[in-house]
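Peer 1: Note that the numbering used here gives residue 1320 to position 26 of the sequence shown, counting from 1, and the numbers run on in steps of one.
Using N, Cα and C, we set each Cβ at its ideal position, and we do this for glycine too.
Keep in mind that this is a model prediction, so the values were computed, not measured.
Could you have a look at this structure, given as structure tokens, before my questions?
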Amino acid sequence: MKFDAITFLPDGKVWDRGSYLTGEQNRHLVQAFSPCVTYDNKKLVAEIQSEIGALKLDWVGSDQIGVGSSTWWLGEKIINTGVCLFGNNEEEIDILNTYLKVWREAEFVKELCEERIPFTEVHEIQDRPLLISVNWASIKQEQYDKVANFDLSLAAAFFEGMQANEQVSY
């Protein structure tokens, strides 16, 4: 299944943007992340071993509205947050707006965003499924490079599960 993804930096600049196929993601990671993906709107916390150390993943997903939310931690640092949007419905748009509001109100985002309001491009993207994430610049670039595909692989696991559940169409 094809999905689009856009990753921002805290200042609202685009770090990476592209279209991907779930089947072309790292299958080892997709399989490893699949047990971390839930669809019952309950929070799941998992520990994932990586090249940069143990990462904690906070995940909440719902097959009723086709949305999943992730926060990746390295120790006490949030390194990436993301939201997976499977379809285009009113509940999803409300969640997206809440998510963007939280990003915009974070103090460290305000400090980095003196020039413009970040993430406004997201409302222009109609393609679904869609992953939107932020690399919070809390670790070195070399470390991000080693886990850069984690959000894509997690999104692939969620989107494949949503497709299998057939509770939300796209």
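Taking all protein chains shown into account, do 16 or more other C-beta atoms lie within 10 angstroms of the C-beta of M1295, making it buried, or fewer, making it exposed?
Peer 2: Exposed, since its Cβ has fewer than 16 Cβ neighbours within 10 Å.
Peer 1: Please state the DSSP three-state secondary structure of N1335.
Peer 2: The answer is coil: DSSP assigns N1335 none of H, G, I, E or B.
Peer 1: In terms of residue numbering, what span does the beta strand (DSSP E) encompassing S1432 cover?
Peer 2: Run containing S1432: none; DSSP gives neither H nor E here.
Peer 1: Using the rule of at least 16 other Cβ atoms within 10 Å of the residue's Cβ for burial, across every protein chain shown, is A1458 buried or exposed?
Peer 2: Under this definition A1458 is an exposed residue.
Peer 1: From E1384 to T1316, what distance separates their C-alpha atoms?
Peer 2: Computed Cα separation, rounded: 25 Å.
Peer 1: Let me know if Q1435 comes out buried or exposed under the rule of 16 or more other beta-carbons within 10 Å of its beta-carbon.
Peer 2: Under this definition Q1435 is an exposed residue.
Peer 1: Is the Cβ-Cβ distance between V1364 and L1379 less than 8 Å?
Peer 2: First, the amino acid is wrong: residue 1364 is Ser here, not Val. No, the Cβ-Cβ distance between S1364 and L1379 is not below 8 Å.
Peer 1: Where does N1374 fall in DSSP's three states?
Peer 2: Strand, per DSSP.
Peer 1: Among I1359, D1357, V1331, which residue has its Cα nearest to the Cα of D1445?
Peer 2: Comparing Cα-Cα distances from D1445 to each of I1359, D1357, V1331, the minimum goes to V1331.
Peer 1: By how many angstroms is the C-alpha of E1454 removed from the C-alpha of Y1314?
Peer 2: Spanning the two alpha carbons is a distance of roughly 13 Å.
Peer 1: Please work out which residues of its chain come closer than 6 Å, Cβ to Cβ, to V1324, disregarding the five sequence neighbours upstream and downstream, and give them in chain order.
Peer 2: The answer, listed in chain order, is S1447, A1450, A1451.
Peer 1: Under 6 Å Cβ to Cβ from V1377, same chain only, skipping five residues before and after it: list those, please.
Peer 2: So the list reads S1363, Y1393, I1426, once near-sequence residues are dropped.
Peer 1: Assuming A1442 and P1304 make a contact with CB atoms under 8 Å, what is their CB distance in whole Å?
Peer 2: About 16 Å separates the two Cβ atoms, so there is no contact after all.
Peer 1: Just the Cα atoms here: how many angstroms apart are W1366 and L1338?
Peer 2: Cα to Cα, the separation comes out at about 12 Å.
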